[in-house]
Each structure stands twice: as structure tokens, then as C-alpha cells.
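Structure first, commentary second.
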Amino acid sequence: MSPIENLSLTCDSANNTFSEGDTIVGMLSFNLTKDTKVKGIFVKAKGDAHVHWSEGSGDDERSYSARKRYFKVKEHLVTEKAEGNVLSKGIHHFKFKMTIPEENMPSSFKGAHGSIVYKLEAKISRKWHWSTTVEREINFLSKSIQHVCQIKCPQSGSVNKKLGVFSKKEVQMSASVNRDVCSPGDTLSAFAKICNSSSKSMRPKFSLQQRTVYRAGSATNTTHNTLFKAVGDPIEPNSEITSTCQIEVPRTAIYTIDNCEILSVEYYVK
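For this note's numbering, count along the sequence shown from 1 and bump the result up by 10.
Here is the structure:
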């Protein structure tokens, strides 16, 4: 049985959120049930992006994957020695401080086929024993979105659609939103001017869509997720109205990601 118990990592941050150039201050704590010789102890911080998906089935199945390392910094809490270091029985606390590089890096993200994960990892190594490790994820908020703003949507668009079989009539629509950038928790105002020249009654539908594109070499995989949807009032045949909708951006929505080589996240109103 390992003499190392209650191994834990803590950070001096109320919301566990960091950005480029920030300094992570924390503590590694553990209890030893007896005097123990350790080879070394270190803690490291790192950020990695990873995507993976499969297409086809059976003999035709193909898998795609890609990885991107953004940074890794490491601090030795007990310098590694071949002869080892003896730590006494009892509770031990080791403070550490590491600075995240000042480079443009994407925010934390987890999706269907990939993720961008930043974390702390501590390891206690002992000769002739498996190393004892502990990990803690940290939330990373890129400075690139703090200056521009966070969720971007195209501001306008239009479409014509023909209905009917024997006598085709058009439905014309032009739509816009009152802003092209917003943050989680904000409300967008969407406007749709609709000319219903058909003989059918219809209802306008509004939605906020999240589009995520995963990339591995020349291959891509795109997913769509509906974050908000609503249905407007009926539009009678041969009439023209302007329909409005208040679109709520969920507080849990993640920010636009456009600075990662292997995945991107964007939003649009449909």
C-alpha cells in the first residue's frame, strides 16, 4: 500500500480562471503514513487541443485525429536525485508559482469530437514504484476575446422560397439582428420582414445555432447545436409583416473560438 495519502492540488483563484500571462499560485498537499524516500516531486501546467472522429463502418471505417500543444511549464518542488530524498511522516504542503506564457491561445472548450483543455498535474516519483499523480483542470479565458467581445453573429441575410406544385408562389424574407457581438447571458433582437405571397398560412421560426468545425489535416467534421429556438405569430396568406424575436444567449454558452488551428466555434441566427 502506498504511504502517500490525500494528494491534492489547490489554486489561489476564486473562479479557477486564468489567461495569457497570468501567474498560477497554488499548493500541493499530501499526507505520508511513514517516513518515505521519494525520487522527486514536480508540478506542471499545460494546455492541449485534441480532435478525433471516425467515419464509415467496418472495413471502410476511417479515423481522424489531430493534437496541438499550446504550452507546458514545470516547477520542481523536490529536485530529483538518484539517491532519493527522505520526507518525514505526516502532512506536507508545497507551494508553487508558474506563469502562463504571453501567447495567443484559445479558450477552454469541450465538444462532441474534441476539446481544448488546460490543467495542472503533480507527480511524486519513487524508485521501484509507480508514480503517484494528481490532476486539476483550470478554466482558460483567452485575452483575444476579452478585447473584441465574445460571440459573433452575422447581422443580416435574405432568402426567397417557392411553394406549390401547379402554381408556384414565393415567400420572401429578409432578416437582421441588432448587434453582431454579444456575451453569454445577453439578449439579441432579431427582425424578419416576411412577404407571404402563397396561399398557405405559416409561422416564422427563430433559433441561435452554434457551429463547431473540427479539423485533422484536410479532413473536417462539422456539428451544429441549437442553443435557443422560438416560433413567431402566424403569417396569413398574401400578407406582409415584420416579425420580431428576443433571442437569449445561454449563460453557459462558450465563447467564439477562431484562434485554434484544429477546431473553431462560431454562432449564427437562423
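C-beta atoms are modelled at their ideal positions from N, C-alpha and C, and glycine is treated no differently.
Small disclaimer: the values here were computed from a predicted structure and weren't measured.
{"Asked": "Are three or more beta carbon pairs between the region 185-197 and the region 252-261 nearer than 8 Å?", "Found": "yes"}
{"Asked": "With distances taken between CB atoms, is the gap from Ser211 to Glu180 smaller than 7 Å?", "Found": "no"}
{"Asked": "Quick one: residues in its chain with C-beta nearer than 6 Å to the C-beta of Asn25, no 5 flanking neighbours on either side, listed in chain order?", "Found": "none"}
{"Asked": "Give me the residue from Lys137, Pro111, His86, Lys120 with the minimum Cα distance to Met37.", "Found": "His86"}
{"Asked": "Select from Asp58, Ala59, Ser73 the residue whose C-alpha is nearest the C-alpha of Glu65.", "Found": "Ser73"}
{"Asked": "Apply the 10 Å Cβ neighbour rule to Pro116 and answer buried if 16 or more other Cβ atoms are within range, or exposed otherwise.", "Found": "buried"}
{"Asked": "Just the C-alpha distance for Trp140 and Tyr277, rounded to the nearest angstrom, thanks.", "Found": "46 Å"}
{"Asked": "Within this structure, are the beta carbons of Ala76 and Val88 separated by less than 7 Å?", "Found": "no"}
{"Asked": "Out of curiosity, what's the CA-to-CA distance linking Ala185 and Leu17?", "Found": "56 Å"}
{"Asked": "Drop a sphere of 10 angstroms on the beta-carbon of Asn248, count the other beta-carbons inside from all chains shown, and report buried for 16 or more, exposed for fewer.", "Found": "exposed"}
{"Asked": "Mind checking which residues open and close the beta strand (DSSP E) that includes Lys239?", "Found": "229-241"}
{"Asked": "Shortest alpha-carbon distance to Asp32 belongs to which of Ala55, Glu131, Arg146, Asp45?", "Found": "Ala55"}
{"Asked": "Quick check: what's the CA-CA separation for Phe81 versus Val279?", "Found": "35 Å"}
{"Asked": "Look at Phe201 and Thr254 and say whether their C-beta atoms are less than 7 Å apart.", "Found": "yes"}
{"Asked": "For Ser125 and Ser274, I'd like the C-alpha separation in whole angstroms.", "Found": "11 Å"}
{"Asked": "In the DSSP output, what is Gly58 paired with across the bridge?", "Found": "For the sequence presented, residue 58 should be read as Asp rather than Gly. Beta-bridge pairing links Asp58 to Arg79, Val127."}
{"Asked": "On the CB-based measure, 16 or more other CB atoms within 10 Å of its CB, does Ile51 come out buried or exposed?", "Found": "buried"}
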